[in-house]
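Participant:
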Amino acid sequence: MGPEETAARLAYSREELGRYRDSSLLRITGLSHRPETAFMHQHFSFFAGAGTDRLRIEADCPGGLLRETVPVVRYESGNTYTFPLRGTFLVTDTCPAINSHRWCRNSEFAFDVGAFDDTLAESTLGGQPVYAACAGVVEEAFDGLEDTGEATDLEAVEAQFGEHARIDGNHVLLRHPGDELSLYAHLAKGSVAVRAGERVKAGQLLGRVGSSGSSWLPHLHFHVMREGIAGPGVPVVFQGLTTLLGEPCLLEDTVNLVRYAPDGETEPGE
-4 MGPEETAARL
6 AYSREELGRY
16 RDSSLLRITG
26 LSHRPETAFM
36 HQHFSFFAGA
46 GTDRLRIEAD
56 CPGGLLRETV
66 PVVRYESGNT
76 YTFPLRGTFL
86 VTDTCPAINS
96 HRWCRNSEFA
106 FDVGAFDDTL
116 AESTLGGQPV
126 YAACAGVVEE
136 AFDGLEDTGE
146 ATDLEAVEAQ
156 FGEHARIDGN
166 HVLLRHPGDE
176 LSLYAHLAKG
186 SVAVRAGERV
196 KAGQLLGRVG
206 SSGSSWLPHL
216 HFHVMREGIA
226 GPGVPVVFQG
236 LTTLLGEPCL
246 LEDTVNLVRY
256 APDGETEPGE
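Numbering-wise, the sequence shown is residues -4 to 265 according to the working numbering.
1. Report yes or no: do the stretch 115 to 127 and the stretch 169 to 187 share at least 3 C-beta pairs separated by less than 8 Å?
2. Between which two residues does the beta strand (DSSP E) harbouring Val219 extend?
3. What is the DSSP secondary structure of His166, reduced to helix, strand or coil?
4. Taking 7 Å as the limit between beta carbons, can you name the residues of its chain near Gln199, skipping five residues before and five after?
5. Just curious, the alpha helix (DSSP H) that Leu240 is in, first and last residue?
6. Considering only residues of the same chain and omitting the five flanking positions on each side of Thr261, which have a CB-CB separation below 8 Å?
7. Nearest to Ala160 by CA position, among Ser177, Asp138, Glu175 and Ala191, is which residue?
8. So, using beta-carbon positions, are Leu149 and Val108 closer together than 9 Å?
9. Going by Cα to Cα distance, which pick from Leu240, Leu246 and Asn101 is closest to Glu175?
10. Going by the DSSP bridge assignment, what does Ser27 pair with across the sheet?
11. Nearest to Pro91 by alpha carbon, out of Glu31, Phe104 and Gly226?
12. Can you round the beta-carbon distance between Phe106 and Phe217 to whole angstroms, since I take them to be within the 8 Å contact cut?
13. Considering only DSSP beta bridges, list what Thr249 is partnered with.
14. Can you tell me which residues form a DSSP beta bridge with Val65?
15. Distance check for Arg62 and Arg51, CA to CA, integer angstroms please.
16. Please work out which residues of its chain come closer than 8 Å, Cβ to Cβ, to Phe34, disregarding the five sequence neighbours upstream and downstream, and give them in chain order.
17. Can you name, in chain order, every residue of its own chain whose Cβ lies under 7 Å from the Cβ of Arg99, other than the five neighbours on each side?
18. Going by Cα to Cα distance, which pick from Gly226, Gly13, Leu60 and Val86 is closest to Leu245?
19. Does the Cβ of Pro263 have 16 or more other Cβ atoms within 10 Å, making it buried, or fewer, making it exposed?
20. Classify Glu177: buried if its beta carbon has 16 or more other beta carbons within 10 angstroms, exposed otherwise.
21. Cβ atoms of Gly144 and Glu213: under 9 Å apart, would you say?
22. By Cβ distance below 6 Å, which residues in the same chain neighbour Ala136 in space, the five residues on each side in sequence not counted?
This is the structure we're talking about:
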């Protein structure tokens, strides 16, 4: 980047950083303090003819030229994950997209799952069952919020139930081996079927899709992170998830049409 682009991005970052609450900084930046200057939401793409094992960064600063070499290591989970819904769905806001998920390091590999009628104007996902993507222990289970509407006061929700409830609404957080945690957010009121401390199996019912918390239509928000709710987000591969053509799907596109039906099960309505 040249001087003008660098200055523009830093100006944007200063403005954006000022919008964040101190209570959110750890989840967003991984820092317990507010930095004076930061690059926020930056994304760089490049193509390589061979496998990349390190990235060299050079920054020409007023104090001199800074150089840093960062190892590039692909994260591979030791756990087996299956998709948390059954049927055919639209999966959006995945990691290749620059979106609100990437504003927080814990949700860098998050995605949203939706389903719509033929007009693409009405969500048809509300009430569908949500299943545990991997065996684990319930770290958190929160229920009690109505679906968010125009009259919902999210500040009042936070004042009564905390920031996590304002953002994720009714939710389940599962802890898995390897210090991984999976989050299932925006569930319907009264649908959460597990409680904190309970051990659950992969595929066990957790709740049903809703639109509680910071949500404007029924959908499921899902992501996996390490080292607690403020830890870094990590990618996982879903066993048996395919495209509509039956090919394996790794959710590598910004918009994905996917299908998941475990062996011996049919899609809803079939």
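For every residue, glycine included, the Cβ atom is placed at its ideal position computed from N, Cα and C.
Facilitator: Considering the structure as presented:
1. Enough Cβ pairs lie closer than 8 Å, so yes.
2. To locate residue 219, count along the sequence shown from 1; it is residue 224. Counting along the chain, the beta strand (DSSP E) containing Val219 begins and ends at Leu215 to Arg221.
3. Translated into the one-based positions of the sequence shown, residue 166 becomes position 171. Three-state result, His166: strand.
4. Along the sequence shown, one-based indexing puts residue 199 at 204. Excluding residues up to 5 positions away in sequence, Tyr126 and Ala127 lie with their Cβ nearer than 7 Å to the Cβ of Gln199 in the same chain.
5. Position 245 of the sequence shown, counted from the first residue, corresponds to residue 240. In this chain, Leu240 is not harboured by any alpha helix (DSSP H), its DSSP state being neither H nor E.
6. Counted from its first residue, the sequence shown places residue 261 at position 266. Here Thr261 scores only 49 on pLDDT, less than 50, and its place in the model should not be relied on; the value that follows carries that caveat. Around Thr261: no qualifying Cβ.
7. Indexing the sequence shown from 1 puts residue 160 at position 165. The shortest C-alpha separation from Ala160 is found at Asp138.
8. Indexing the sequence shown from 1 puts residue 149 at position 154. Indexing the sequence shown from 1 puts residue 108 at position 113. For Leu149 and Val108, no; Cβs fall outside 9 Å.
9. To locate residue 175, count along the sequence shown from 1; it is residue 180. If you compare the alpha carbons of Leu240, Leu246 and Asn101 with that of Glu175, the shortest gap goes to Asn101.
10. Start at 1 with the first residue of the sequence shown, and residue 27 comes out as number 32. DSSP lists no partner for Ser27.
11. Walking along the sequence shown from the start, residue 91 turns up at place 96. For Pro91, the nearest C-alpha among the options comes from Phe104.
12. By 1-based counting over the sequence shown, the position of residue 106 is 111. By 1-based counting over the sequence shown, the position of residue 217 is 222. Indeed they touch by this definition, with Cβ atoms about 6 Å apart.
13. Locating residue 249 in the sequence shown gives position 254, counting from the first residue. Partner residues in a beta bridge of Thr249, as assigned by DSSP, do not exist.
14. What you label residue 65 is simply residue 70 of the sequence shown in a count that begins at 1. Bridge partners of Val65: Leu50.
15. On the sequence shown, position 56 is the one that residue 51 refers to. On the sequence shown, position 67 is the one that residue 62 refers to. Straight-line Cα distance between these residues: approximately 7 Å.
16. Taking the first residue of the sequence shown as position 1, residue 34 is located at position 39. Arg4, Leu5 and Ser8, listed in sequence order.
17. For this step, residue 99 is matched to residue 104 along the sequence shown. Before going on, a small fix: residue 99 reads as Cys here, not Arg. Short of 7 Å from the beta carbon of Cys99, and not among the five residues preceding or following it, lie these beta carbons of its own chain, in chain order: Arg22 and Ile23.
18. For the purposes of this step, residue 245 is taken as the residue at position 250 of the sequence shown. Per the Cα distances, Val86.
19. Counting from one through the sequence shown, the residue named residue 263 turns up at place 268. Legend: pLDDT at Pro263 = 49, less than 50; position of this residue unreliable, no value from coordinates given.
20. What you label residue 177 is simply residue 182 of the sequence shown in a count that begins at 1. The displayed chain sequence assigns Ser, not Glu, to residue 177. For Ser177, the number of other beta carbons within 10 angstroms of its own is at least 16, and it is reported as buried.
21. Locating residue 213 in the sequence shown gives position 218, counting from the first residue. Locating residue 144 in the sequence shown gives position 149, counting from the first residue. First, the residue type needs correcting, since residue 213 is Pro and not Glu in the sequence shown. No. Outside cutoff.
22. Translated into the one-based positions of the sequence shown, residue 136 becomes position 141. Around Ala136: Val167, Val187, Val189, Arg190 and Ala191.
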